[in-house]
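In the UniProt record's numbering, the protein residues as written are 1 to 155. Note that CB positions come from ideal geometry on N, CA and C, so glycine has one too.
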Amino acid sequence: MVSLRSTPDSRRTCWTPMFLILTGLFKVVLGAFFGRDIYVPLKMNWLEARKICRRYYTDLVTARTVTWSACPLDSALAKTLQTNREAQTGHVWIGLRYLAGSWLWVDGEKMEYKAWSQGKTQQCPNRGHHCGALPLEGQHWDSQDCVNKFNFVCN
Numbered sequence: 001m002v003s004l005r006s007t008p009d010s011r012r013t014c015w016t017p018m019f020l021i022l023t024g025l026f027k028v029v030l031g032a033f034f035g036r037d038i039y040v041p042l043k044m045n046w047l048e049a050r051k052i053c054r055r056y057y058t059d060l061v062t063a064r065t066v067t068w069s070a071c072p073l074d075s076a077l078a079k080t081l082q083t084n085r086e087a088q089t090g091h092v093w094i095g096l097r098y099l100a101g102s103w104l105w106v107d108g109e110k111m112e113y114k115a116w117s118q119g120k121t122q123q124c125p126n127r128g129h130h131c132g133a134l135p136l137e138g139q140h141w142d143s144q145d146c147v148n149k150f151n152f153v154c155n
């Protein structure tokens, strides 16, 4: 996990520009100014990835924040992921998780648009496979173990 340092008087996290550049978070911070989805080439579990996205941007990417077409491969995000030369993992975390018997987006919305790799919603995901990830070379998202370390996309 990325270590954070807080200043005693402001209780805010203090990030140096060099730290941001070396860890890849520089793109996340810049993305906030340009209003676009940001691919983050850090390997983190789902919860760590979400914390980084929430701290520096809005959250993990959701179907509502990306213009998915009938085929997710046609989306700008999917094309970016497939051509990204910084990719370190075969999947990227997205803002989808299984809670209380339902798949929900991080904004609290129930999953309505469905693009599962097996062609149907994972009704009872395998033990631990409660987080959604998008394969870089696939067309549809998968359920993955939330402790896996993948790159991720913030919006």
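Neighbour-count burial assignment, L134, 16 or more Cβ in a 10 Å radius: Within the sequence shown, the letter at position 134 stands for residue 134. Buried, since its Cβ has 16 or more Cβ neighbours within 10 Å.
Measure the CB-CB distance between I94 and L47 and report whether it falls below 7 angstroms. For the purposes of this step, residue 94 is taken as the residue at position 94 of the sequence shown. For the purposes of this step, residue 47 is taken as the residue at position 47 of the sequence shown. Not a contact, by the Cβ cut-off of 7 angstroms.
For R97, count the other beta carbons within 10 Å of its own beta carbon; 16 or more makes it buried, fewer makes it exposed. Which is it? For the purposes of this step, residue 97 is taken as the residue at position 97 of the sequence shown. When all chains shown are included, R97 counts as buried.
Kindly identify the DSSP beta-bridge partner or partners of M44. Numbered from its first residue, the sequence shown carries residue 44 at position 44. Per DSSP, F150.
Residue environment, G132, which counts as buried when at least 16 other CB atoms sit within 10 Å: Translated into positions along the sequence shown, residue 132 becomes position 132. That one is buried.
Whole angstroms are fine: how far does the CA of M111 sit from the CA of W103? Looking up residue 103 in the sequence shown gives position 103. Looking up residue 111 in the sequence shown gives position 111. The straight-line gap from Cα to Cα measures roughly 6 angstroms.
Going by beta carbon distance, what residues of the same chain come within less than 7 angstroms of residue 158, once the five residues before and after it are set aside? For residue 158 there is no data in the structure shown, the boundaries of the chain being 1 and 155.
Output the boundary residues of the beta strand (DSSP E) element that contains A133. For the purposes of this step, residue 133 is taken as the residue at position 133 of the sequence shown. C131 to P135 is the extent of the beta strand (DSSP E) around A133.
According to DSSP, residues forming a beta bridge with I38: Looking up residue 38 in the sequence shown gives position 38. Answer is C154.
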